[in-house]
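Sequential numbering from 729 applies to the sequence shown in my numbering.
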Amino acid sequence: MRKFITGALVAAVAAISSQAMAMDYKVGNLTVSDPWARASAGKARNGAAYFTVTNTGDKPDRLISAASKAAAKVELHSVGMKDGVMMMHSVKGIEVAPGEPAVLKPGGLHVMLMGLTEPLKENATLHLTLTFEKSGTLDIMAPIKKAGAMDSGHQQMHHGDTKHSM
Ligand SMILES: [Cu+2]
């Protein structure tokens with residue numbers, strides 16, 4: 729019995745803390761969940777932010793732009809193979825269809841912050857304004873997390889890439 733109570737307590741605490749970290753933002757029929765930005769390394773001038781957009785309505789929408797005071801320029805990017813090399817390129821918008829969440833994550837779609845005005849420090853928060861074609865604008869706060877080992881390839885890719893194919 730005692731063991732059971734302890735276990736339940738641990739589960740409750742874990743649920744509370746994960747809820748505090750996973751913040752959802754809503755505009756119209758759209759929900760932006762789990763936003764985060766990757767801490768920038770050293771003097772890196774670029775950064776990236778990620779989140780998932782879910783559409784609970786019955787009409788498709790599009791994320792058409794993102795803005796932040798933390799960077800000179802903010803673009804929506806995708807990653808693809810070009811001549812056998814992983815390259816990222818800007819996209820005009822990211823489709824958010826009903827029942828088909830748009831997932832922005834390392835190695836795939838992302839919000840690209842170009843010309844950071846200051847480093848993205850771990851545990852700080854990045855303010856982003858997202859604009860959707862139909863639902864309008866939404867302000868979100870993305871916690872800044874340390875770059876994981878799995879992101880190192882993406883970091884390198886950002887390094888050499890200054891031109892955009894689209
Ligand atoms: Cu990018």
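Quick reminder that beta carbons are idealized off the backbone N, C-alpha and C, glycines included.
Does the distance between the C-beta of residue i and the nearest non-hydrogen atom of ligand 1 fall short of 6 Å?
| i | result |
| --- | --- |
| H805 | yes |
| M675 | Lying outside 729 to 894, the shown extent of the chain, residue 675 is not represented and no answer is given. |
| M814 | no |
| M842 | no |
Which residues in the same chain have their Cβ closer than 6 Å to the Cβ of residue i, if we skip the five residues on either side of it in sequence?
| i | result |
| --- | --- |
| P847 | S768 |
| D752 | T759 and S761 |
| S793 | T859 |
I'd like the list of long-range same chain contacts for residue i, defined as Cβ closer than 7 Å, with 5 residues on each side in sequence excluded.
| i | result |
| --- | --- |
| L791 | V781, L804, G821, I822, V824, A830, L858 and F860 |
| A875 | R766, A767, A769 and Q883 |
| N851 | I872 |
Any idea if residue i is buried or exposed, counting beta-carbon neighbours within 10 angstroms, 16 or more meaning buried?
| i | result |
| --- | --- |
| D789 | buried |
| H855 | exposed |
| A800 | exposed |
| V802 | buried |
| S818 | exposed |
| V813 | exposed |
| M869 | exposed |
I'd like the list of long-range same chain contacts for residue i, defined as Cβ closer than 8 Å, with 5 residues on each side in sequence excluded.
| i | result |
| --- | --- |
| G836 | S806 and V807 |
| G864 | V755 and G756 |
| R773 | M842, G843 and L844 |
Residue i by DSSP, collapsed to three states: which one?
| i | result |
| --- | --- |
| R773 | coil |
| N757 | coil |
| D762 | strand |
| V819 | coil |
| K873 | strand |
Between residue i and ligand 2, is the CB less than 6 Å from at least one heavy atom?
| i | result |
| --- | --- |
| L804 | Here the bound small molecules are ligand 1; ligand 2 is not part of this structure. |
Could you tell me whether the Cβ of residue i comes closer than 7 Å to any Cβ of chain B?
| i | result |
| --- | --- |
| A776 | The structure shown contains no chain B; it holds only a single protein chain. |
Exercise. In the region 796–863, which residue ranges form an unbroken beta strand (DSSP E) of at least 3 residues, counting only runs that do not cross its ends?
Worked result: 799–810, 813–818, 822–824, 838–844 and 853–860
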